[in-house]
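Read the structure below first, then the notes.
Number of protein chains: 2
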Amino acid sequence: MKNKNYYAILMAGGVGSRFWPISTQDFPKQFHDMLGTGDTLIQKTFYRLAKLIPTENIFILTNERYNDLVLEQLPEVKQRQVVLEPAMRNTAPCILYASLKIQKENEDAVMIVAPSDHWIEDEDAFTSNVKEAFEFCSKNDALMTLGIQPTFPNTGYGYIEYNKKEDKTIKPVIQFREKPDYELAKSFLSQGNFLWNAGIFMWSVKSVLAAFKNNQPELFQHFMNGYETYNTVEESEFIQENYPKAENISVDYALMEKSENIYVIPATFDWNDLGTWGSLYDKLDKDESNNAIVNAKVLATDASGNMIRSNKNKVVVVDGITDYIIVDKDEVLLIFPKTKEQDIKKVLQQVKDKFGEGLG
Amino acid sequence: MKNKNYYAILMAGGVGSRFWPISTQDFPKQFHDMLGTGDTLIQKTFYRLAKLIPTENIFILTNERYNDLVLEQLPEVKQRQVVLEPAMRNTAPCILYASLKIQKENEDAVMIVAPSDHWIEDEDAFTSNVKEAFEFCSKNDALMTLGIQPTFPNTGYGYIEYNKKEDKTIKPVIQFREKPDYELAKSFLSQGNFLWNAGIFMWSVKSVLAAFKNNQPELFQHFMNGYETYNTVEESEFIQENYPKAENISVDYALMEKSENIYVIPATFDWNDLGTWGSLYDKLDKDESNNAIVNAKVLATDASGNMIRSNKNKVVVVDGITDYIIVDKDEVLLIFPKTKEQDIKKVLQQVKDKFGEGLG
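Below you can see the structure in the form of structure tokens.
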């Protein structure tokens with residue numbers, strides 16, 4: 566029996582433009598089968614959460630334009646569970662809004678907020694970490710994060726510093742640290758009590774709403790103004806009018822960096838945010854020449870270290886190409902060095918400038 | 566007014582497998598718009614000949630399986646003009662067969678036999694060369710070829726040695742020379758009276774049939790046995806049964822190397838047999854980075870000397886790739902060094918071995 570107080574908010578409004586040309590405004594990354602497993606990233610995330618959380622308690626927070634994609638890819642999900650943002654306003658407004666809707670439905674709710682497009686290898690370890698956190702949040706006024714054990718001094722993530730004197734699994738957080746430079750990241754790793762901030766949060770609806778009320782009273786009031794309408798036919802009208810007026814602010818900044826009752830549970834699973842083609846390459850199985858292949862049938866000669874993706878069963882012949890991203894879809898072919906993967910956003914902009922907006 | 570005695574046989578039965586993946590068994594090179602002009606190679610060849618020759622006198626010699634492609638791409642052509650080979654038997658049998666059909670229709674016919682997949686820049690020069698040859702063949706018992714002025718010691722073509730004492734445009738041929746090695750090819754060029762054999766022949770139907778009768782009496786008799794049926798409803802039955810029994814022999818070997826009345830007219834136009842992706846690259850216009858592009862919209866960074874072809878208007882982003890053949894179609898993507906273009910047949914065989922026959 567799954568606990569009826571367990572809830573989830575899946576964040577599915579982003580675009581993931583470093584995964585262009587597969588990820589586009591019309592069809593972002595989380596709705597693609599990036600790993601070639603047969604499931605899209607949002608499907609994998611949904612079913613991972615559904616091991617612990619009743620499916621009817623999993624809410625999908627996304628942009629209006631992805632409503633149909635969500636309902637199509639997650640047939641168990643009812644329209645009631647799809648919370649639509651009429652505008653992009655960062656994470657705090659949408660989490661506050663969804664939390665108020667959940668509170669109105671179940672004031673004893675304990676919830677996880679999680680991105681819909683991350684890779685997690687060991688699903689049982691994930692479930693066990695979340696369960697432990699949920700039990701803690703049920704009994705304590707706590708805002709919790711799931712911290713990832715750093716494997717190298719990555720300068721692309723924020724870090725969470727925890728109190729190393731605490732020997733329980735769940736540790737009080739000393740402070741959140743913004744993306745460091747390389748030297749600082751190295752010192753974080755050598756200190757041993759720093760974790761990557763993966764943007765995975767857990768708390769009771771009581772605690773998170775109390776934190777919003779204390780730390781962001783204006784934003785809190787802004788969404789409380791519509792409380793009567795939530796989960797009714799009037800909700801949509803209120804949200805359409807008022808959501809765009811909300812402050813653009815992240816939940817990290819709005820709550821986590823301002824509260825005292827912050828805890829972290831170090832993940833016991835292997836994690837990857839699948840931020841770039843290179844990070845996807847790292848996580849995929851390789852062929853004998855160390856090429857990572859999704860969907861394609863590849864004939865490779867003197868070609869290794871490539872990330873190759875095409876439409877299902879397309880034959881891709883590569884000769885003499887090393888460490889490239891080769892991504893082919895109906896209207897775009899990208900042949901690009903893996904070392905320059907951070908430039909893909911720029912490339913997309915150049916393509917739009919040269920050939921029109923439709924392609925991103 | 567075009568001369569009603571002028572005829573053409575367009576050879577359109579080959580496959581051009583070095584142009585894989587565009588050229589395939591089901592859809593060979595001559596039926597593709599290889600140059601990105603909007604016309605397929607057979608269309609360009611047909612309309613080039615039609616400047617001099619009445620369209621109803623242009624016959625297309627091809628394999629049964631390409632009948633529909635011919636009628637679709639050349640709407641002026643009637644079924645009567647499509648001469649189908651039930652089996653591959655090299656050039657002599659099909660030219661003999663087509664010549665007998667033409668003789669039965671017009672015994673004063675003068676004809677050109679030409680490949681359907683070559684590139685000729687100056688169409689007026691071509692027309693003028695052919696016209697001069699036709700006039701000569703009308704008045705003389707001559708088997709003529711159109712010889713191409715060599716631009717480098719190519720070891721991939723046969724050569725035609727002509728009598729350098731002849732100062733008229735049309736020159737008696739001394740001998741045909743098979744593909745030479747590099748040293749011999751260089752000596753041919755330095756001697757100055759050697760031309761490339763482009764497989765373009767001109768003669769009167771009287772002369773070519775006399776030559777077949779003299780030099781290949783068995784083959785001649787084999788096809789004369791069906792003479793009564795040609796251009797009637799019985800023709801197909803005779804050909805189906807007897808064509809496959811004909812000897813497999815080229816017209817070069819069957820007639821040209823054995824006859825005395827051979828002449829050559831040196832072409833005054835620029836020619837290319839479009840044998841490989843590299844030769845196509847040479848003939849196409851280039852962008853500012855020296856990339857030759859067909860159909861694609863290309864964003865190239867640090868990428869030059871490439872032959873890039875895709876479906877119409879596909880965006881192709883290439884970065885850091887030099888002197889490659891990049892050819893993309895729905896079910897195959899080829900990324901292959903131009904220097905290895907002669908290996909494409911082998912690659913096709915590997916693809917068939919690994920992924921099945923359907924792709925070539």
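First to last, the protein sequences are chains B and P. Each number in the working numbering comes from the position in the first sequence (counting from 1) with 565 added on. Each number in the working numbering comes from the position in the second sequence (counting from 1) with 565 added on. Glycine included, every Cβ here is placed at the ideal spot set by N, Cα and C.
Do residue i and residue j have their CB atoms nearer than 8 Å?
i	j	result
B:MET767	B:ALA832	no
B:GLU726	B:GLN714	no
P:GLY843	P:ASP682	no
P:ALA663	P:PHE624	yes
P:GLY723	P:LYS744	yes
B:ALA857	B:ILE886	no
P:GLU906	P:ARG583	yes
P:VAL863	P:LEU849	no
B:TYR818	B:PRO737	no
B:TYR747	B:THR710	no
P:GLY578	P:LEU626	yes
B:PHE596	B:GLN638	yes
P:TYR795	P:LYS666	yes
P:ILE830	P:ASN671	no
Would you call residue i buried or exposed, if buried means 16 or more other Cβ atoms sit within 10 Å of its Cβ?
i	result
B:ASN878	exposed
B:ASP732	exposed
B:ARG874	buried
P:ASN762	buried
B:ALA674	buried
B:ARG613	buried
P:ALA776	buried
B:ASP893	buried
B:MET566	exposed
P:ILE853	It should be noted that the sequence gives Glu, not Ile, for residue 853 of chain P. By the 10 Å Cβ count, P:GLU853 comes out exposed.
B:LYS609	buried
P:TYR846	buried
Hey, could you find the ends of the beta strand (DSSP E) residue i is sitting in?
i	result
B:GLU726	724-727
B:ASN622	Segment: none, B:ASN622 is in no beta strand (DSSP E) and carries neither H nor E.
B:ILE873	872-874
B:LYS736	736-742
B:PRO680	675-680
B:GLY885	Counting along the chain, B:GLY885 falls outside any beta strand (DSSP E), and DSSP gives it neither H nor E.
When the Cα atoms are used, what is the spatial distance from residue i to residue j?
i	j	result
P:LEU606	P:LYS594	8 Å
B:ASN758	B:LYS729	6 Å
P:LEU575	P:VAL647	10 Å
P:ALA573	P:ILE618	7 Å
P:LEU913	P:THR841	14 Å
B:MET676	B:VAL770	7 Å
B:ILE814	B:ASP888	38 Å
B:LEU634	B:LYS669	27 Å
B:ALA861	B:ASP838	23 Å
B:ILE891	B:LYS823	44 Å
B:ASN807	B:TYR631	20 Å
B:PHE611	P:LEU898	34 Å
B:ASN876	B:GLU686	25 Å
P:LYS704	P:GLU896	53 Å
P:MET599	B:GLU688	52 Å
B:GLN805	B:ILE765	27 Å
Of the residues the options, which one's Cα is nearest the Cα of residue i?
i	options	result
P:VAL678	P:TYR571, P:ASP847 and P:TYR792	P:TYR571
B:VAL880	P:GLU825, P:LYS919 and P:LYS905	P:LYS919
P:GLU825	P:SER772, P:TYR722, P:THR794 and P:SER693	P:SER772
P:GLN781	P:ILE891, P:LEU661 and P:LYS569	P:LEU661
B:PHE785	B:ARG645, B:THR797, B:LEU614 and B:CYS659	B:CYS659
P:GLU922	P:LYS567, P:THR589 and P:GLY578	P:THR589
P:ASP706	P:LEU774, P:PRO809, P:PRO680 and P:ASP689	P:LEU774
P:LYS810	P:PHE788, P:LYS751 and P:ASP689	P:PHE788
P:ASN622	P:ASP604, P:LYS609, P:GLN644 and P:ASN628	P:GLN644
B:VAL882	B:VAL798, B:THR866, B:SER693 and B:THR734	B:THR866
B:SER755	B:ILE735, B:TYR792, B:PHE717 and B:ARG742	B:PHE717
B:THR602	B:PHE834, B:THR734 and B:TRP684	B:TRP684
B:GLU812	B:ALA652, B:ASN568, B:TRP585 and B:ASP604	B:ALA652
Are the C-beta of residue i and some C-beta of chain D separated by less than 8 Å?
i	result
B:GLY885	Protein chains B and P are contained in the structure displayed, whereas chain D is not.
Where does the unbroken alpha helix (DSSP H) through residue i begin, and where does it stop?
i	result
B:ASN807	800-807
B:TYR572	Counting along the chain, B:TYR572 falls outside any alpha helix (DSSP H), though it belongs to the beta strand (DSSP E) covering 571-576.
P:ALA657	656-670
B:GLY843	842-848
P:ILE587	No alpha helix (DSSP H) contains P:ILE587, which DSSP labels as neither H nor E.
Report whether the distance from the Cβ of residue i to the nearest heavy atom of the ligand PLP is below 7 Å.
i	result
P:LEU924	By its list of ligands, the structure shown contains no ligand whatsoever, and the ligand PLP lies outside what it can speak to.
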